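Numbering (the working numbering), first residue to last: 3 to 248.
The beta carbon of each residue, even a glycine, is placed where N, CA and C say it ideally should be.
It should be emphasised that the depicted structure is a prediction, and the values quoted were computed from it without experimental measurement.
What follows is one structure encoded as structure tokens, with my remarks underneath.
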């Protein structure tokens with residue numbers, strides 16, 4: 003009887019001990035699982051925060067880049083707008099200048115008729131100097147000014163003549179009525195189909211110096227067969243054609 007009781011108590015104790023051991027193991031497992039889950043949640047939160055901060059930084063960088071691109075585009079647009087305004091103003095100035103010059107040319111063409119032109123009575127440079135000297139003597143007696151010839155005043159404008167004219171010169175002479183100085187320093191001014199200005203006098207064309215042969219239009223002087231560069235030529239500067247250098 004006592005043995006049976008002992009066996010029963012031993013069985014019960016083993017059963018109770020096994021149950022308690024299993025309960026302890028399950029509790030330990032649950033604690034470990036909780037700890038692992040907490041660590042995982044902490045890692046997930048940290049990763050989420052890092053991802054959010056990276057996204058914020060990425061958005062901020064993209065925003066800064068967009069702002070920089072917009073600023074650059076704004077600057078370029080502003081610059082191009084200023085350039086367009088400047089070009090428009092320059093073109094309008096040039097148009098006004100060309101219209102004014104054309105109007106002046108038309109007025110001079112209207113005013114300078116055949117009746118206003120003088121016939122040339124000299125052929126060579128010596129004859130012109132002699133005539134100029136007589137004219138200067140008369141002027142000196144009239145105004146009592148010291149003797150100072152026009153030729154000496156124009157010495158600084160003397161330039162070298164060329165055997166052939168250039169296309170840029172021809173365009174400037176033909177369209178803009180450009181003036182020039184010859185190698186003696188004499189001034190050749192405005193011209194039209196009737197005549198030309200030479201030393202402040204409007205002369206008619208003759209067979210030695212004609213508009214039809216385009217001697218005047220190409221810049222040829224009265225006293226030689228050389229051609230001279232226009233005194234001012236801006237629009238056709240640098241335009242050169244090898245055909246006209248023959």
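Could you tell me whether the region 114-122 touches the region 184-200, using the rule of 3 or more Cβ pairs below 8 Å?
yes
Can residue 178 and residue 223 be called in contact, C-beta distance under 7 Å?
no
Quick check: what's the CA-CA separation for residue 81 versus residue 164?
45 Å
How would you write the range of the beta strand (DSSP E) that residue 207 sits in, first residue to last?
Element bounds for residue 207: n/a, residue is neither H nor E.
Quick one, are the C-beta atoms of residue 221 and residue 176 less than 7 Å apart?
no
With the cut-off set at 7 Å, would you say residue 122 and residue 205 are in Cβ contact?
yes
Nonlocal neighbours in the same chain, by C-beta distance under 8 Å from residue 128, ignoring five residues either side
none
What's the call for residue 207, buried or exposed, on a 16-neighbour Cβ count within 10 Å?
buried
So, with DSSP's three-state summary, where would you put residue 225?
coil
If residue 124 sits next to residue 186, beta carbons under 8 Å apart, how far is it from one beta carbon to the other, in whole angstroms?
About 13 Å separates the two Cβ atoms, so there is no contact after all.
Can you tell me the Cβ-Cβ gap for residue 218 and residue 193, rounded? I've got them flagged as a contact below 8 Å.
5 Å
By Cβ distance below 7 Å, which residues in the same chain neighbour residue 43 in space, the five residues on each side in sequence not counted?
none
Take the Cβ of residue 98 as the centre, count every other Cβ of all protein chains shown within 10 Å, and call the residue buried at 16 or more, exposed below.
exposed
Inspect the beta-carbon positions of residue 172 and residue 229 and report whether they are closer than 7 Å.
no
Opposing strand residues paired with residue 197 [DSSP bridges]
206
Could you spell out the range, first to last residue, of the alpha helix (DSSP H) harbouring residue 177?
169-178
Coil, strand or helix - residue 182 by DSSP:
strand
For chain C, is any of its Cβ atoms less than 7 Å away from the one on residue 226?
Considering every chain present, this structure includes no chain C. It has just one protein chain.
Beta-carbon within less than 6 Å of residue 51's beta-carbon, same chain only, minus the 5 sequence neighbours each way: which residues are those?
none
Helix or strand or just coil, what does DSSP make of residue 190?
strand
Taking the alpha carbon of residue 134 as the point to measure from, which residue in 104, 46, 32, 203 has its own alpha carbon closest?
203
Identify the residues that DSSP records as bridge partners of residue 53: which are they?
Answer is none; residue 53 lacks a bridge partner.
Pairwise C-alpha distance: residue 161 and residue 227
14 Å
I need the DSSP call for residue 2, collapsed to helix, strand or coil.
Residue 2 is absent from the model: the chain starts at 3 and stops at 248.
Can you tell me which residues form a DSSP beta bridge with residue 71?
Beta-bridge pairing links residue 71 to no other residue.
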